[in-house]
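I have placed the structure first, in the form of structure tokens, so that the comments after it can refer back to it.
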Amino acid sequence: MARTSPTYLQSTICTLLLVGLSVVAAYITATLVTLLSVYNLLRPERGGTCAGRKTVLITGARNAKCLFLARAFSRGGCRVIVAEEPSWFTLNMTRFSRSVKRYYPLPDPALSAQAYKEAIVNIILREQVDMFLPCSSPTYTVLDSVTALAIAHRAPKCKCFIPHPDLVTALDRKDEFISLCDSLGMPVPASRLVQSVDEAVDWLHSPDTTGAGQQYITKGLAFDDLARTDMTPLPLDTPAQTKAHLERVPLPISSRHRYVVQRLLDGPEYCTHAAVRDGELVAFVTCRSSDMLMRYVDVKSLFSAQSNEERAREHAVGVQAEEWTRNFLSRWKDKLLQQKQAGIGGSVRELTGHFCVDFILNGADGQLYPIECNPRAHTAVVLFAGVPDLVSHYLGSASGTAYPPASTPPNSWLAHALPLSLATLLPRILARNLHPLLSASMNSTSQDRTDPTLSPQPDSAAPHALLMQYILGREVDPVWDVRDPVPFFVLAHLAWPWMLLKGMVYGRAWSRVNASTMRVWGAAEVK
7 MARTSPTYLQ
17 STICTLLLVG
27 LSVVAAYITA
37 TLVTLLSVYN
47 LLRPERGGTC
57 AGRKTVLITG
67 ARNAKCLFLA
77 RAFSRGGCRV
87 IVAEEPSWFT
97 LNMTRFSRSV
107 KRYYPLPDPA
117 LSAQAYKEAI
127 VNIILREQVD
137 MFLPCSSPTY
147 TVLDSVTALA
157 IAHRAPKCKC
167 FIPHPDLVTA
177 LDRKDEFISL
187 CDSLGMPVPA
197 SRLVQSVDEA
207 VDWLHSPDTT
217 GAGQQYITKG
227 LAFDDLARTD
237 MTPLPLDTPA
247 QTKAHLERVP
257 LPISSRHRYV
267 VQRLLDGPEY
277 CTHAAVRDGE
287 LVAFVTCRSS
297 DMLMRYVDVK
307 SLFSAQSNEE
317 RAREHAVGVQ
327 AEEWTRNFLS
337 RWKDKLLQQK
347 QAGIGGSVRE
357 LTGHFCVDFI
367 LNGADGQLYP
377 IECNPRAHTA
387 VVLFAGVPDL
397 VSHYLGSASG
407 TAYPPASTPP
417 NSWLAHALPL
427 SLATLLPRIL
437 ARNLHPLLSA
447 SMNSTSQDRT
457 DPTLSPQPDS
467 AAPHALLMQY
477 ILGREVDPVW
487 DVRDPVPFFV
497 LAHLAWPWML
507 LKGMVYGRAW
517 SRVNASTMRV
527 WGAAEVK
């Protein structure tokens, strides 16, 4: 069943409560940030040695992954420049980081893709950028790869950490990615591309489909927050019921907005962050996943599960995910070389960039099945905070593959976990009336209590217990950094209150918010 959305009144009350909490806590945070900032000014941070003092341009300043990479490259001795789209330009956490030396606005790519591309190329030429590392919106990943072609032509000394547009498209489009995996001999879940409700209903209720006794879910090819949480097993009992359900999807199924009907596998979902140079893994990590992941735990870490037996199973999944990724890259590289030798395609298409695959561990056979791929940096990159030579791996000056240390604690966002922790103090009837999802999150099952993706964890959901987890280092907020504390204040006390208040003023109801990407889920304008 699709999640229940809150009313505008419920969203408004929750917004005012969250803003009030932010204001109250701001005095404590501001004092701490001020003291740390003065201390840091008296003891300047010393960066590492980046060969030739390279300059790196990173886009997507609103994202936690951009902030992390900016800090990592700066501490690796590089000069970091950041750029962002106009909607997020003024108030985002990365802009206020000590790691950022220059900050540029970008034109809205939705209004003019050419202007966006030209702006990035001009920044690279002006600042003599050595490496372009895009972390912008998933909607514009393909545009970033097209921009990389322009950079290769006009600023050939700048290396772009993103694949060729043809490769990005093959990865980014769910139907093409599954077809690619199938062509490489990788096991994939059964899928069907549809461009109308009737086509989907006819296929789901065909004798061949119903005779197999399998269930399916729908996924839009376009990035859509409203639809991505719908995991309703299909087909329903009758064609009429299935049709009625599909006609209610937020982004209507059409030739313009096509959907993939994909077999529903019974098992946990996993995500990966895979940084690749010339087809070789240079950084890799696997995490348990969910439809809105707010707690990242490396499956190979000491914190992946509560028992040794469970940790061993999670570790084995991480090994399997890495082997799958290496095998996929090797097969694809061989295929591309064969195509090049046969004269298919006129450009050199190096497998360099991010190849972050999402998997489902099928309970029936214990195998990982790919469900989609993100050809861009994944937020799980924050788990590499304990890897001092990560930048060397990205730049190609270090050999082998970087992994987070086994002692890496779970990464989560205090700005997300603390309000939910305080909500556990409310009577259930009040929580149910405040927000439908808030009430649902309080009804945890025994399975929920062992789910590593939940933030806060049920066993430490009380506010004092949660805060102790962060104080003792058993939980880490990737935005908080004693050497760079201002971005945390901006996120928790400026950016999010402003986003929520702006939505309230414009009459928009929200269902969930993502502190790591500054994305509001389920926003709907009140008529």
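In my numbering, the protein residues as written are 7 to 533. Even for Gly, the Cβ is constructed at its ideal location relative to N, Cα and C.
Between the C-alpha atoms of residue i and residue j, what's the straight-line distance to the nearest angstrom?
i       : j       : result
Gly-369 : Tyr-375 : 11 Å
His-399 : Val-288 : 6 Å
Pro-410 : His-251 : 43 Å
Arg-83  : Val-325 : One detail in the question is off: residue 83 reads as Gly in this sequence, not Arg. Going by the C-alpha atoms only, they are around 32 Å apart.
Thr-523 : Gly-285 : 28 Å
Met-7   : Leu-240 : Caution is warranted here: a pLDDT of 40 is assigned to Met-7, below 50, making its placement in the model unreliable, and no coordinate value can be reported.
Ile-477 : Trp-486 : 12 Å
Met-300 : Gly-191 : 33 Å
Ala-386 : Leu-440 : 31 Å
Leu-27  : Leu-270 : 40 Å
Ala-158 : Thr-358 : 14 Å
Trp-330 : Ala-218 : 27 Å
Phe-334 : Arg-49  : 46 Å
Gln-5   : Arg-337 : Outside the modelled stretch of the chain, which goes from 7 to 533, sits residue 5, for which no answer is possible.
Pro-416 : Cys-293 : 10 Å
Tyr-110 : Met-505 : 21 Å
Thr-216 : Ala-246 : 15 Å
Val-86  : Leu-63  : 6 Å
Val-39  : Lys-180 : 43 Å
Arg-81  : Pro-484 : 15 Å
Ala-348 : Gln-312 : 53 Å
Leu-139 : Leu-460 : 30 Å
Gln-201 : Thr-37  : 55 Å
Phe-495 : Ala-32  : 8 Å
Leu-15  : Pro-256 : 21 Å
Ala-322 : Leu-367 : 11 Å
Tyr-302 : Asn-98  : 22 Å
Glu-275 : Arg-132 : 43 Å
Ser-418 : Val-482 : 6 Å
In the DSSP assignment, what are the bridge partners of residue i?
i       : result
Trp-527 : Arg-518
Phe-290 : Ala-280
Tyr-109 : Val-88
Val-482 : Asn-417
Ser-197 : Gln-268
Leu-240 : Tyr-222
Gly-359 : Val-282
Arg-301 : Ser-418
Kindly indicate which three-state DSSP category residue i falls into: helix, strand or coil?
i       : result
Asn-368 : coil
Cys-187 : helix
Gln-475 : helix
Ser-11  : coil
Ser-405 : coil
Glu-253 : coil
Glu-376 : Checking the displayed sequence, the identity of residue 376 turns out to be Pro instead of Glu. Note: Pro-376 maps to strand in three-state DSSP.
Phe-495 : helix
Leu-210 : helix
Met-137 : strand
Lys-165 : strand
Ile-350 : coil
Ile-64  : strand
Glu-275 : strand
Asp-465 : helix
Ile-259 : coil
Gln-312 : coil
Leu-97  : coil
Lys-339 : helix
Ser-142 : coil
Pull up the CB-CB distance for residue i and residue j, whole angstroms please, since I reckon it's below 8 Å.
i       : j       : result
Ile-130 : Ala-161 : 5 Å
Ala-327 : Thr-278 : 6 Å
Phe-365 : Leu-177 : The pair is not a contact, with the Cβ atoms about 14 Å apart (cut-off 8 Å).
Leu-500 : Ser-427 : At roughly 22 Å, the Cβ-Cβ gap does not stay under 8 Å, so Leu-500 and Ser-427 are not in contact.
Leu-199 : Arg-264 : 6 Å
Leu-73  : Pro-462 : The pair is not a contact, with the Cβ atoms about 22 Å apart (cut-off 8 Å).
Three or more beta-carbon pairs under 8 Å between the segment 428-435 and the segment 118-127, yes or no? no
With a cut-off of 8 Å, do at least 3 Cβ pairs link the segment 509-518 to the segment 415-423?
no
Three Cβ pairs or more, each shorter than 8 Å: is that satisfied between the segment 159-171 and the segment 190-206?
Under the 8 Å Cβ criterion, the segment 159-171 does not count as touching the segment 190-206, having fewer than three qualifying pairs.
**Prompt:** Hey, is the segment 38-48 in contact with the segment 388-398, meaning 3+ C-beta pairs nearer than 8 Å?
**Reply:** no
Item to complete: Would you check if the segment 289-309 and the segment 255-264 touch, i.e. whether three or more CB-CB distances between them fall below 8 Å?
Response: no
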